[in-house]
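Student:
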Amino acid sequence: MLIALIAIYAAVSVNALFLIWLERKISGRIQRRQGPMLCGPKMMAQKSMWLGGWFATACDATKLIFKEDIIPSKVDRLGFILAPIVVMLAAIAVYVPIPWSATSYHQTEQVTFAFADLNVGLLYIVAVPSLTVFSILTAGWSSNNKYSMLGGFRSVVQMLSYEIPMVFALMGPIILAGSLSLGDIVKAQTQGLFGIPFLGWFIIPSVIGAAVYFICAIAESNRPPFDMPESEQELGTGFNTEYSGMRFAMFYLAEFSNAFVVSSIFTAVFLGGWSIPGITPPPELNLGFCILPYFDLLVGLVVFSIKAYSVLLILMWIRWTFVRVRPDHLMNFGWKFLLPLSIANVIVCTVIAAVQQIYYGGLS
Amino acid sequence: MYQLELHSVLSVAALLFCIGLYGVLTRRNSIAMLMGLELMFNAVNINLVAFAHFLPHLDGIILAMFGLAVAAAESAIGIAIILSIYRNFRHIDTDGINELKG
Amino acid sequence: MPFSMDIYAWDSFPIDTLLFWCFAAVMLISGLCVVTVKRVFHAGIAMIVCFVCAAGIYALLGCPFMAALQLLVYVGAIATMLLFAVMLTDKMMEPRPNTTFFQPFMGLFASVLLFGLLWLTVSSSKFGFAGWANSTAASSSAIDITSLSTTNIGLRLLTPYAVPFELISVIILATLIAAIALARKEDRSPADSGTPADAPASPAEPASTPAKE
Amino acid sequence: MSTFPPNPDLVTEEFELKMGPHHPSTHGVLQLSLTLDGERVVACRPNVGFLHRSIEKIMEHRTYAQGVPLADRVDYCSAMTSSLAYVMAVEKLLDLTIPPRAEYLRVIMSELNRIASHLLAYGTFTLDLGGTTPFLFGFRDREKVLDLFEETCGARLLYNYMRIGGVACDIKPGFLDRMIAFLDYWEPLLSSEYEAIIDENPIFYNRTKGVGVLSQADALRYGVCGPNLRACGLNNDIRKIEPYSVYPELEFDVPIRTEGDTFARYRIRMEELRQSARILRQCAEKLPKGEYLARQPYELKVPAGETYVRIESSRGDLGCYLVSDGSERPYRCKFRTPSFSHCSVFSHLFRDCLFSDIVAMSASFDIVLPETDR
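Residue numbers (the numbering used here), protein chains in the order written: chain A, 19 to 382; chain B, 1119 to 1220; chain C, 4 to 216; chain D, 7 to 380.
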């Protein structure tokens, strides 16, 4: 039990560190420069731009850890200290139900390999960000300066108003799969749609839902072009203006692990998680001299990470090309455009699920 | 041997209810009073889910969900009233709000 | 290699009882903090910890759906709203009006008395459920009302309980309208001591809004 | 239209926010004291003077030749044009005609400087709206222009290149074809990279279309000039109205737009970049041979009198009013700088708008603080 918890924490932080390095490299590539090249083995840097400087985030992390944590005097200490902890907690807690892959080795039927495949998976994924909403509010309020208060209020308003379209967008796949647990949703995507084996992925029947979810996910994890709350130009990094050292690193890591979680949920729910359309890998592979057990587990893991990282690349690509949205456009866009769209998506998905049920004998 | 009994859950819920009651009775700030109220709603919900688990019957959870919705609606109205009081009296000290005019 | 948590053998060690008591302890302590802490903002934070522990208890009592709902509704909505209310009214830096409690002992006495009463009823009553369950289970509904899975809750919610389900949505709509109506500014500003009674005709021009002391 | 009148239904309380001198988006040390009502800005009062170095007072204790590096520092973002104004004022008092090669070199240098400063404006404008990539595009190409400057006058920002009677030194032999190479590399980029990433982007449209609209009457009342006035539909390009040095021989046209909002100002600057490139190409062909400096005695005595010279700097019409009492030190030298009047527009324009509009609008005016405070 305990090992699993430590495993989650280690995996998340290492992954977040890698993501920061990847983000800086991608932004460099988009802006026709090279991104971090210095702190890393020299000869690898010469070989190609992509190998250079992969110590960069490690150096940043150690710098941030040893940097002095200043707690300003007139600050509400409890809220100030609690906020980053809860943000990190929520960022890690969302990893639990994600179905990395599945195996049927030694099992009667396919068992999803996840930290804990809850049968209320998606509802849990929608519930946990409400902890981040609370902690951003406390961070903004307790650091007791006008800018961070403004930033805190803005981000809470943005996250609350984008949570509702997100829930509706996720409703589509739930109806199609008939269950809340992510493992079942991915299993439902392995069977085809209307009998055609290759159209299994839920991005095909609920395209609107996928688009709405993607936009809401960017808004939920406060990434540009929706990064109103900590827009440097206006609010000077919004709610985490007063933070420094390790606490700022927590907010930073939480943002990146949120980005990865959002893209892995997108792959699990819309891009058919570990499933390759049409091919189901054998549980074990005999390589002549030995048997490689859990082979389908490894294949699933590789497929899932390829899809997740490609969605992440799109997230990063969007980050570096779009300008920031103005708060009132944000609100109009969220309430007047995304909400009706996501409700329409629910209707479309119910129709498809009904047709699927009647003519093709049900999905899952 | 240490299986969870219904008694322990019910007593925990009862204790939480009493803490909420104490909060409502003695708190001077009306928002803190509202928080005490929320604790009491929570205690009721724990009771309902405990009965649903041990009976086992599904209606406990359904009633808990309805309770949840009503509690949310009630606290929304409570906060709206408190804010309008704050706008008129500039403070929300439950002791001070005893004039009837205005 | 236990690759999924729920196959792990639970009953060799009563971990869920242990977990239940941990959650209950943290919940009661944070409940006490809510009631006794001086600063209302800290009381809000303690309340949120209490809600999260309650969600944990629901999960342990075999109903993860309720736990997720609790997290979503209580921690996400109600607690955030309460914190917003605290922020709007509690001026952090100004000298705080005395938030001492009035007659704390009366309140303490009343709640301890109530707890004694409840404790007596709970511990003395014998809940004989054995026979009860199957006598009602034979009710006509096709749903197996003993297993608390999400699908059953959903089915039960919409078939026999459809009317209350619609009623709840009406209640929430009524609350929505009432909250907005309350938050709007009344047409005539109240004759309040200290602030100049404003001309009822045009309270809107920013120069002399009653709020500006 | 994007004005946000006060909502009569809500009882709100304004609070004072100092967008203080040390703030990432005030382009130097400008303080905007805003009264905010939630997100809505009720009123704004710009306070300037944090960067006052009293350049004009120091000039009174320096000889005319020593005044040139000081004039550079009036507007370090386009130092060439500010020292050009000072030098032309002195020459007008001396009524000295300078060799044609020097005139052409001055035009080449000031147009290159206009490109560099407009690239800076483009970069900071998009950075303030949140787009970090265009910022880096702008600065990457600005480096190439600064290399050209470094090659001729040894400096990248404050060049001290103008002299009374001509320019400090002649350009290196390969300078012209390096400049043409830069223009060939950079001009297609303007539409393929700079505008492609920003212009069709709907978020950018919403952020800038109809935001901070300035009518022509208000613009004239507040003395707005340069690209910001041309965005309101009035052609006030001094290179066309009162042509000075060799501008009559070069033909180029002045972009005019009538909307007068943030988007129009941005479009005007992008068009001006193209026009400057055009001017530079013509100057490269027409550059005559010959003397580059009519040398003046160090202890130059300027006959008593006063003069006012106006030139088109990258931010608007920069004027230099010079009074001399016949000694070798100017009696009084005053610069009429465009950014100062642009600051005064802020109090009129930033009313009933959103907090994030303020950043967009102030960036679109492209104000530079050393010019405002001198």
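Quick reminder that beta carbons are idealized off the backbone N, C-alpha and C, glycines included. Predicted model, so just to flag it, every value in this text is computed and none were measured.
Using the rule of at least 16 other Cβ atoms within 10 Å of the residue's Cβ for burial, across every protein chain shown, is R187 of chain C buried or exposed?
Tutor: Sequence index remark: in the third sequence, residue 187 of chain C carries index 184 (1-based). Here R187 of chain C is exposed, its C-beta having fewer than 16 other C-beta atoms within 10 Å.
Student: If we count Cβ pairs, one from each stretch, closer than 8 Å, do we get three or more for the segment 79-95 of chain A versus the segment 116-135 of chain A?
Tutor: Output reads no: the segment 116-135 of chain A does not touch the segment 79-95 of chain A.
Student: Is P54 of chain A buried or exposed, if buried means 16 or more other CB atoms sit within 10 Å of its CB?
Tutor: In the first sequence, counting from the first residue as 1, residue 54 of chain A sits at position 36. It is buried - the Cβ of P54 of chain A has at least 16 other Cβ atoms within 10 Å.
Student: Within 10 angstroms of the Cβ of P242 of chain A, are there 16 or more other Cβ atoms? Answer buried if so, exposed if not.
Tutor: Counting from 1 along the first sequence, the entry for residue 242 of chain A is found at position 224. Classification of P242 of chain A: buried, given that the 10 Å Cβ count is 16 or more.
Student: May I ask you to report which of helix, strand or coil DSSP gives L293 of chain D?
Tutor: Within the fourth sequence, the letter at position 287 stands for residue 293 of chain D. Coil at L293 of chain D, not helix or strand.
Student: Which residue comes first and which comes last in the alpha helix (DSSP H) that contains G311 of chain D?
Tutor: As a working mapping, residue 311 of chain D is identified with position 305 in the fourth sequence. First-last for G311 of chain D: 311-319, but that is the beta strand (DSSP E), not the alpha helix (DSSP H).
Student: State buried or exposed for P102 of chain A, treating a residue as buried only when at least 16 other CB atoms are found within 10 Å of its CB.
Tutor: Reading the first sequence from its first residue, position 84 is the one you call residue 102 of chain A. P102 of chain A should be labelled buried.
Student: Check each residue of the segment 274-308 of chain A: if its Cβ is closer than 8 Å to any Cβ of chain D, include it; give the result in chain order.
Tutor: none
Student: Which same chain residues end up closer than 8 Å to F212 of chain A when comparing Cβ atoms and leaving out the 5 residues on each side of it in sequence?
Tutor: Position 194 of the first sequence holds residue 212 of chain A. So the list reads V373, Q374, Y377, Y378, once near-sequence residues are dropped.
Student: So if DSSP puts L42 of chain D in a beta bridge, which residue, or which two residues, is it bridged to?
Tutor: By one-based count along the fourth sequence, residue 42 of chain D stands at place 36. Among the bridge pairs identified by DSSP, L42 of chain D is matched with D:F21, D:V47.
Student: Output the residue ranges of the beta strand (DSSP E) runs that lie fully inside the segment 140-174 of chain D and measure 3 residues or longer, sorted by chain position.
Tutor: none
Student: Compare the C-beta of G318 of chain A with all C-beta atoms of chain C and state if any pair is closer than 8 Å.
Tutor: Sequence index remark: in the first sequence, residue 318 of chain A carries index 300 (1-based). No, no contact with chain C.
Student: Go ahead and label C25 of chain C buried or exposed: buried means 16 or more other beta carbons lie within 10 angstroms of its beta carbon, across all protein chains shown.
Tutor: Looking up residue 25 of chain C in the third sequence gives position 22. Its Cβ having fewer than 16 others within 10 Å, C25 of chain C is exposed.
Student: Could you tell me which of A:Y180, A:K164, A:A76, A:S119 sits nearest to H347 of chain A, measuring between CA atoms?
Tutor: For the purposes of this step, residue 347 of chain A is identified with residue 329 of the first sequence, where counting begins at 1. The shortest Cα separation from H347 of chain A among A:Y180, A:K164, A:A76, A:S119 belongs to A:Y180.
Student: Measuring alpha carbon to alpha carbon, tell me which residue in D:C175, D:L154, D:L163 is nearest F181 of chain D.
Tutor: The residue you call residue 181 of chain D lines up with position 175 of the fourth sequence. Here the closest residue by C-alpha is D:L154.
Student: Going by beta-carbon coordinates alone, are A1190 of chain B and I81 of chain C separated by less than 8 Å?
Tutor: Translated into positions along the second sequence, residue 1190 of chain B becomes position 72. Translated into positions along the third sequence, residue 81 of chain C becomes position 78. Yes.
Student: Using three-state DSSP, classify S161 of chain A as helix, strand or coil.
Tutor: Position 143 of the first sequence, counting from 1, holds the residue named residue 161 of chain A. Residue state, collapsed to three classes: coil.
Student: Run through chain C and tell me which residues come within less than 7 Å of L198 of chain A, C-beta to C-beta.
Tutor: Looking up residue 198 of chain A in the first sequence gives position 180. Near L198 of chain A (Cβ distances below 7 Å), the residues of chain C are T153.
Student: Report the residue from D:L142, D:S251, D:V365 whose alpha carbon sits nearest the alpha carbon of L90 of chain D.
Tutor: For this step, residue 90 of chain D is matched to residue 84 along the fourth sequence. Ranking the options by Cα distance to L90 of chain D, first place goes to D:S251.
Student: Give the residues from the segment 68-102 of chain A that approach chain D closer than 8 Å (Cβ to any Cβ), ordered along the chain.
Tutor: none
Student: Based on DSSP bridge pairs, tell me the residues matched to Y327 of chain D.
Tutor: The residue given as residue 327 of chain D occupies position 321 in the fourth sequence. In the DSSP output, where bridge partners are listed per residue, Y327 of chain D has D:Y314, D:K340.
Student: Using a Cβ cut-off of 8 Å (strictly closer), state whether I48 of chain A contacts chain D.
Tutor: As a first step, residue 48 of chain A is located in the first sequence; it is residue number 30 there, counting from the start. Interface flag for I48 of chain A against chain D is set, since a Cβ pair is found closer than 8 Å.
Student: Taking all protein chains shown into account, decide if F355 of chain A is buried (16 or more other Cβ within 10 angstroms of its Cβ) or exposed.
Tutor: Mapped onto the first sequence, residue 355 of chain A falls at position 337. Flag for F355 of chain A reads exposed.
Student: Would you check if the segment 224-240 of chain D and the segment 195-211 of chain D touch, i.e. whether three or more CB-CB distances between them fall below 8 Å?
Tutor: Here the segment 195-211 of chain D makes no contact with the segment 224-240 of chain D; the two share fewer than three CB pairs at distances below 8 Å.
Student: Nearest CA to the CA of K178 of chain D: which residue from D:N119, D:R162, D:E156, D:K292?
Tutor: Here residue 178 of chain D refers to the residue found at position 172 of the fourth sequence. Ranking D:N119, D:R162, D:E156, D:K292 by Cα distance to K178 of chain D puts D:E156 first.
Student: Can you tell which of D:A300, D:L196, D:F361, D:S370 has its C-alpha closest to the C-alpha of V48 of chain D?
Tutor: Working through the fourth sequence from its first residue, we reach residue 48 of chain D at position 42. Minimum Cα distance to V48 of chain D is reached at D:F361.
Student: Give the interface partners of V144 of chain A over in chain C, defined as CB-CB distance under 7 Å, in chain order.
Tutor: Taking the first residue of the first sequence as 1, we reach residue 144 of chain A at position 126. Going along chain C in sequence order, the residues near V144 of chain A (Cβ under 7 Å) are L75.
Student: Does T368 of chain A get closer than 8 Å to chain C when you measure Cβ to Cβ?
Tutor: As a first step, residue 368 of chain A is located in the first sequence; it is residue number 350 there, counting from the start. So no, T368 of chain A is outside the interface.
Student: Could you give the residue range of the alpha helix (DSSP H) that holds V54 of chain D?
Tutor: Working through the fourth sequence from its first residue, we reach residue 54 of chain D at position 48. Where V54 of chain D is concerned, there is no enclosing alpha helix (DSSP H), given that its DSSP letter is neither H nor E.
Student: Chain C partners of I1244 of chain B, CB-CB under 9 Å?
Tutor: This structure cannot speak to residue 1244 of chain B, because chain B is shown only from 1119 to 1220.
Student: If you measure from the beta carbon of P67 of chain C to each beta carbon in chain B, is any gap under 8 Å?
Tutor: Position 64 of the third sequence, counting from 1, holds the residue named residue 67 of chain C. Taking a beta-carbon distance threshold of 8 Å, P67 of chain C does not count as an interface residue toward chain B.
Student: When you compare each of B:F1207, B:A1198, B:G1185, B:D1211 to S172 of chain C by their alpha carbons, which one comes out closest?
Tutor: Taking the third sequence and counting its residues from 1, one reaches residue 172 of chain C at position 169. Nearest C-alpha to S172 of chain C: B:G1185.
Student: For a quick check, are the C-beta atoms of A3 of chain D and R275 of chain D less than 8 Å apart?
Tutor: What the structure shows of chain D is the stretch from 7 to 380, and residue 3 of chain D is not part of that stretch, so it cannot be assessed.
Student: Could you tell me which chain C residues have their CB closer than 8 Å to the CB of V1162 of chain B, listed as they occur along the chain?
Tutor: Position 44 of the second sequence holds residue 1162 of chain B. Within chain C, no residue comes near V1162 of chain B; the closest Cβ sits about 11 Å away, beyond 8 Å.
Student: Sorted by chain position, which residues of the same chain lie with C-beta nearer than 8 Å to F168 of chain C's C-beta, five sequence neighbours on each side aside?
Tutor: Taking the first residue of the third sequence as 1, we reach residue 168 of chain C at position 165. Cβ neighbours of F168 of chain C beyond the five flanking positions: L160, L161.
Student: Counting C-beta neighbours from all protein chains within 10 Å, is the total for M109 of chain C 16 or more, i.e. buried, or is it exposed?
Tutor: The sequence position of residue 109 of chain C within the third sequence is 106, counting from 1. When all chains shown are included, M109 of chain C counts as exposed.
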